[in-house]
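Heads up, the thing below is written out as structure tokens.
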Amino acid sequence: MIAQRKGISVGRKAFLNTAFEAYLEAVKSQDITAILDTYAEGGCLNFNGVIYDTPEKLAAFHIGFGSTNKGMLTDLERIIVNKSFTHDSVVIEYRLKCTVEIPAGSTARRTEMRSYVIYQFDAKGKLISERAINDTGALLPNAVVPRLDADWSIDN
Amino acid sequence: MNQYLSEDDSVSEDRKAFLDAAFEKHLGAEAARDIPGAVDTFAEGGHLDFNGEVYDTPEELVTFHNCLGFGGLESGLIINFGFDRITKNYSQDWITVEYDSVGEVNVSFGGEPAGRTAHWKVAVVYQFDDEGMLVSERACFDSGGLLPEPVIPEFTADHSGS
Chain A
1063 MIAQRKGISV
1073 GRKAFLNTAF
1083 EAYLEAVKSQ
1093 DITAILDTYA
1103 EGGCLNFNGV
1113 IYDTPEKLAA
1123 FHIGFGSTNK
1133 GMLTDLERII
1143 VNKSFTHDSV
1153 VIEYRLKCTV
1163 EIPAGSTARR
1173 TEMRSYVIYQ
1183 FDAKGKLISE
1193 RAINDTGALL
1203 PNAVVPRLDA
1213 DWSIDN
Chain B
40 MNQYLSEDDS
50 VSEDRKAFLD
60 AAFEKHLGAE
70 AARDIPGAVD
80 TFAEGGHLDF
90 NGEVYDTPEE
100 LVTFHNCLGF
110 GGLESGLIIN
120 FGFDRITKNY
130 SQDWITVEYD
140 SVGEVNVSFG
150 GEPAGRTAHW
160 KVAVVYQFDD
170 EGMLVSERAC
180 FDSGGLLPEP
190 VIPEFTADHS
200 GS
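Top to bottom, those sequences are chains A and B.
Its first residue numbered 1063, the first sequence is counted upward by one per residue in our numbering.
Its first residue numbered 40, the second sequence is counted upward by one per residue in our numbering.
This is the structure:
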């Protein structure tokens, strides 16, 4: 059965796209005030299950994570692999290229982490909710889950 | 929920039911540890992208599911794979699902023995064709969640992480 097709309207996508681009410009600017200004009052970030739901907590996250290029990750490069839409959200699948020093004290390495983020906007185009799931294991020197093929076993 | 959020009529109820049925067929097979059944839910040429690694043949898909632990085998990376919570979002041709996952990690990490219960996050975009077969399954799996300690700490006001 092929159910009736409606889909997200062109106008709605344009609205969401504008809101998302404003967010992206703010994070690219590395200006914490501009980044925080993209959130609605009461807007929150859920990063791998940890909630940041006040301006102070959001600032702590963005500075600590590396949005201002002074945190855990530096030289962040956001490559969008897929962008899709729901009625009120933009879903982005990223390849996040970054430089890390994990574990602490190790030599800085350039690496890449997969990230999925669903950005939910209000009627003013402000972020109500940002839910991010990231493969944080990719920041380590050795893959936690390597390619699972015939050569893989729990013993190696 | 405000009016803006409640105005959503972009994906019809029929369409959601269609997508739900396709999704449940795939997830149901995985939950039943039926790997051939799960692989049968992929369209011809359908693929799985798991944290950027692509599995795009039936043989690769079977091996992946068994190794990760969906086969219920003792040789799998995760034993007693399950979900605490599932959040779904719909568009016309796909469902995104955010999972709060739980399982026993069958590998020793960071000095912790195998068999430890772990909780981690996974997001999956399931894209279906008109027959309800999986054209593309793209998973972002927080492999760091399998470790005893988080790779990224909770960031606090001193910006150093707690």
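We put the CB at the ideal spot given by N, CA and C, even for glycine.
Given the structure is predicted, the values throughout are model-derived calculations rather than measurements.
Could you please give the first and the last residue of the uninterrupted alpha helix (DSSP H) stretch that includes residue i?
i, result
"ASN1079/A", "1072-1091"
"ASN1204/A", "Run containing ASN1204/A: none; DSSP gives neither H nor E here."
"VAL101/B", "97-107"
"ILE1216/A", "First-last for ILE1216/A: undefined, no H or E at that position."
"ALA77/B", "74-78"
Tell me, to the nearest whole angstrom, how far the beta carbon of residue i is from that of residue j; I am working on the premise that it is less than 8 Å.
i, j, result
"ARG177/B", "ASP88/B", "4 Å"
"VAL161/B", "ILE1195/A", "7 Å"
"GLY108/B", "LEU116/B", "5 Å"
"ILE191/B", "THR1198/A", "5 Å"
"ALA68/B", "GLY76/B", "4 Å"
"PHE1127/A", "PHE194/B", "6 Å"
"LEU1138/A", "LEU1120/A", "Not confirmed; about 17 Å, so no contact."
"PRO90/B", "ALA1200/A", "Sequence check: residue 90/B is Asn here, not Pro. ASN90/B to ALA1200/A, Cβ: 7 Å. Contact."
Applying the 10 Å Cβ sphere with the 16-neighbour rule, what's the burial state of residue i?
i, result
"ILE125/B", "exposed"
"ASN145/B", "buried"
"GLU137/B", "buried"
"SER1146/A", "buried"
"ALA1088/A", "buried"
"MET1063/A", "Confidence at MET1063/A is low in this model, with a pLDDT of 43, below 50, so the placement of that residue should be treated as unreliable; the coordinate-derived value is given next. Answer is exposed; the Cβ neighbour count stays below 16."
"GLY150/B", "exposed"
"ARG1193/A", "buried"
"SER1168/A", "exposed"
Would you say residue i reaches chain A, if we count a Cβ-Cβ gap shorter than 8 Å as a contact?
i, result
"SER49/B", "yes"
"GLY129/B", "Correcting the residue identity first, residue 129/B is Tyr in this sequence and not Gly. Output row for TYR129/B: interface = yes."
"ILE134/B", "no"
"ASP59/B", "no"
"ASP181/B", "yes"
"ALA162/B", "yes"
"GLY200/B", "Note that GLY200/B scores a pLDDT of 49, beneath 50, so its modelled location is shaky; the value from the coordinates is reported in the next line. Yes, GLY200/B counts as interfacial toward chain A."
"ILE125/B", "no"
"GLY91/B", "yes"
"ALA196/B", "yes"
"ARG155/B", "no"
Nearest to residue i by alpha carbon, out of the options?
i, options, result
"VAL174/B", "PHE148/B, ILE134/B and LEU186/B", "ILE134/B"
"GLU1155/A", "GLY1104/A, VAL1112/A and ILE1180/A", "ILE1180/A"
"GLU1163/A", "TYR1114/A, ASN1110/A and PRO1203/A", "PRO1203/A"
"THR96/B", "HIS104/B, ASN105/B and GLY84/B", "GLY84/B"
"ASP169/B", "ALA61/B, GLU113/B, SER49/B and GLU52/B", "ALA61/B"
"SER157/B", "SER182/B, VAL164/B, TYR165/B and MET172/B", "Just to set this straight, residue 157/B is Ala in the shown sequence, not Ser. The option with the nearest alpha carbon to ALA157/B is SER182/B."
"ARG1209/A", "ASP123/B, GLU99/B, GLY184/B and ARG72/B", "GLU99/B"
"PHE167/B", "SER140/B, HIS65/B, ALA153/B and SER147/B", "HIS65/B"
How far does the beta strand (DSSP E) with residue i in it reach, from first residue to last?
i, result
"ASN1144/A", "1136-1147"
"ALA178/B", "173-180"
"PHE57/B", "No beta strand (DSSP E) holds PHE57/B; the alpha helix (DSSP H) holding it covers 52-70."
"PHE1123/A", "Note, PHE1123/A: premise wrong, no beta strand (DSSP E); alpha helix (DSSP H) at 1117-1127."
"LEU1107/A", "1101-1109"
"ILE1180/A", "1171-1183"
"ILE1154/A", "1151-1162"
"LEU1189/A", "1189-1196"
"ALA162/B", "155-167"
"LYS127/B", "117-129"
Compare the C-beta of residue i with all C-beta atoms of chain B and state if any pair is closer than 8 Å.
i, result
"ILE1064/A", "The predicted position of ILE1064/A is uncertain, since its pLDDT is 45 and thus under 50; a value taken from the coordinates is nonetheless stated next. With 8 Å as the cut-off, ILE1064/A counts as an interface residue toward chain B."
"THR1080/A", "no"
"ILE1216/A", "yes"
"ASP1211/A", "yes"
"ALA1200/A", "yes"
"SER1071/A", "yes"
"ALA1122/A", "yes"
"VAL1089/A", "no"
Are there any heavy atoms of the ligand COA lying less than 7 Å away from the beta-carbon of residue i, as far as the coordinates show?
i, result
"LEU1210/A", "What this structure holds is no ligand at all, so the ligand COA is not there to describe."
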